[in-house]
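Here the structure is laid out as structure tokens; the discussion comes afterwards.
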Amino acid sequence: FDTSPPCLTPLPHPSVSLPSPQGTHNLYGHYPFFLCLEDESGKSFGVFLMNSNAMEVTLQPAPAVTFRTIGGVLDFYILFGDTPEQVVQEFLELIGRPVIPPYWSLGFQLSRWNYGSLKEVKDTVERNRAAGIPYDVQYTDIDYMEDKKDFTYDKVNFNELPQFADYLHEKGQKYILILDPAVATSKRVGGAPYEAFDRGTAQKAWITDSDGETPLLGESLFLLRYLGKTNVERKQTDRDDVVLSGRTVDVSPV
1 FDTSPPCLTP LPHPSVSLPS PQGTHNLYGH YPFFLCLEDE SGKSFGVFLM NSNAMEVTLQ
61 PAPAVTFRTI GGVLDFYILF GDTPEQVVQE FLELIGRPVI PPYWSLGFQL SRWNYGSLKE
121 VKDTVERNRA AGIPYDVQYT DIDYMEDKKD FTYDKVNFNE LPQFADYLHE KGQKYILILD
181 PAVATSKRVG GAPYEAFDRG TAQKAWITDS DGETPLLGES LFLLRYLGKT NVERKQTDRD
241 DVVLSGRTVD VSPV
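Take the sequence shown: its position 73, counted from the start at 1, is 73 in the UniProt record's numbering, and no numbers get skipped.
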């Protein structure tokens, strides 16, 4: 049992534990779990603490493992097996098996911030294609948005965005646009209504103050989407014109 550095470095775990994904729940989780392999027999065991509070884990020279958590239930699971693989199999039976991603998502993907226009994105695609670099997915960051507003696209610098998405699909590539986890409270360019904000307000879709009614107003509002209580995108948004392979939510830990 080697407890030499970096094993003695405390491991902070500030995130939360999530169950195996169901439906549209998150596909990721946080599992404080360690696996130990016996030197002589090769037999293995694993220890899992099912606790959603922030914690710190320290490996000591005793040998020992110390879990420090700010709260919650100390719900430990100890798993035994003849091999490490067997222990991991038991662990997955406990927490649920991971989601199998689409095959294309395992390929090379290209993303960056600050594409100034759709022409820059097109040039990037064609340059890689001419160089014979196979890549499956092209992303576009918030540059495509009108005034950085979700569910819109810039009709000047990204005017042919729907046609570009169709073009990539015809070439066997995927196209993904980024979203931010908050919706702006300001009007659209020229003072036009911002449909996503108006629809979310009508549905009481925003995270509220402690009274449960007053939205936490600022330059942006955060959705109750994680509670399954809202869908502010629906129809009549610019993005309905763009056929996407997927979406990525940026800075979602906020």
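From the three backbone atoms N, C-alpha and C, an ideal C-beta is built for every residue, glycine too.
Own chain residues within Cβ distance below 6 Å of residue i, not counting five before or after
{"i": "phenylalanine 158", "result": "Leu118 and Tyr144"}
{"i": "valine 249", "result": "Leu179 and Pro181"}
{"i": "glycine 228", "result": "Bear in mind that a pLDDT of 48 at glycine 228, under 50, signals an unreliable position, so the model cannot answer this."}
{"i": "glutamine 109", "result": "Val137"}
{"i": "serine 111", "result": "Tyr139"}
{"i": "glycine 218", "result": "none"}
Residue of the options minimising C-alpha distance to residue i
{"i": "threonine 140", "options": "Asp211, Val156, His30 and Lys174", "result": "Lys174"}
{"i": "leucine 177", "options": "Arg247, Gly42 and Glu170", "result": "Arg247"}
{"i": "glycine 212", "options": "Leu224, Leu110 and Leu92", "result": "Leu224"}
{"i": "histidine 169", "options": "Asp39, Ser245 and Met50", "result": "Ser245"}
{"i": "threonine 58", "options": "Tyr153, Ala130 and Phe34", "result": "Phe34"}
{"i": "valine 243", "options": "Gly172, Ala165, Ser210 and Gly116", "result": "Ala165"}
{"i": "arginine 199", "options": "Ser210, Ile95 and Val183", "result": "Val183"}
{"i": "alanine 64", "options": "Glu195, Cys36 and Glu90", "result": "Cys36"}
{"i": "aspartate 154", "options": "Gly116, Leu221, Gly29 and Pro61", "result": "Gly116"}
{"i": "glycine 81", "options": "Tyr194, Thr152, Phe45 and Pro61", "result": "Phe45"}
{"i": "proline 32", "options": "Thr214, Ser41, Thr66 and Gln86", "result": "Thr66"}
{"i": "glutamate 120", "options": "Leu94, Glu160 and Val87", "result": "Glu160"}
{"i": "valine 87", "options": "Pro61, Glu38 and Ala62", "result": "Glu38"}
{"i": "lysine 43", "options": "Thr124, Gln60 and Pro84", "result": "Pro84"}
{"i": "serine 105", "options": "Ala62, Ala202, Gln60 and Gly172", "result": "Gly172"}
Contact set for residue i: own chain, Cβ-Cβ below 7 Å, skip 5 residues either direction
{"i": "aspartate 241", "result": "Pro162"}
{"i": "tyrosine 167", "result": "none"}
{"i": "lysine 122", "result": "Phe164"}
{"i": "phenylalanine 197", "result": "Val183, Ala184 and Thr185"}
{"i": "phenylalanine 91", "result": "Phe33, Gly46, Phe48 and Leu79"}
{"i": "arginine 68", "result": "Met55 and Glu56"}
{"i": "threonine 201", "result": "none"}
Contact test: residue i Cβ vs the ligand GDP heavy atom, cutoff 7 Å
{"i": "alanine 202", "result": "The ligand GDP is absent from the structure shown, which contains no ligands of any kind."}
Own chain partners of residue i with C-beta closer than 8 Å, once the 5 adjacent residues on each side are dropped
{"i": "glycine 107", "result": "Pro134, Tyr135, Asp136 and Val137"}
{"i": "threonine 208", "result": "Thr214, Pro215 and Leu216"}
{"i": "asparagine 128", "result": "Leu110 and Tyr135"}
{"i": "glutamine 89", "result": "Gly81"}
{"i": "isoleucine 142", "result": "Trp113, Lys148, Ile178, Asp180 and Asp250"}
{"i": "proline 193", "result": "Lys187"}
Strand pairing of residue i, partner residues [DSSP]
{"i": "valine 243", "result": "Answer by DSSP bridge pairing: none, since valine 243 is not bridged."}
{"i": "leucine 221", "result": "Val183"}
{"i": "proline 215", "result": "Thr208"}
{"i": "glycine 46", "result": "Leu35 and Leu79"}
Contact with chain D by residue i, beta-carbon distance below 8 Å
{"i": "serine 186", "result": "The structure shown contains no chain D; it holds only a single protein chain."}
Three or more C-beta pairs below 8 Å linking the segment 64-75 and the segment 94-101: no
contact_flag[the segment 187-201, the segment 145-153] where n(CB pairs < 8 Å) is 3 or more: yes
Touch test, the segment 41-49 against the segment 74-92, Cβ-Cβ under 8 Å, three pairs minimum: yes
Length at least 4, wholly inside the UniProt domain "Glycoside hydrolase family 31 TIM barrel" (98-213): the alpha helix (DSSP H) runs in chain order: 118-130, 161-170 and 195-202
Residue ranges of each alpha helix (DSSP H) within the segment 48-103, 4 or longer: 84-95
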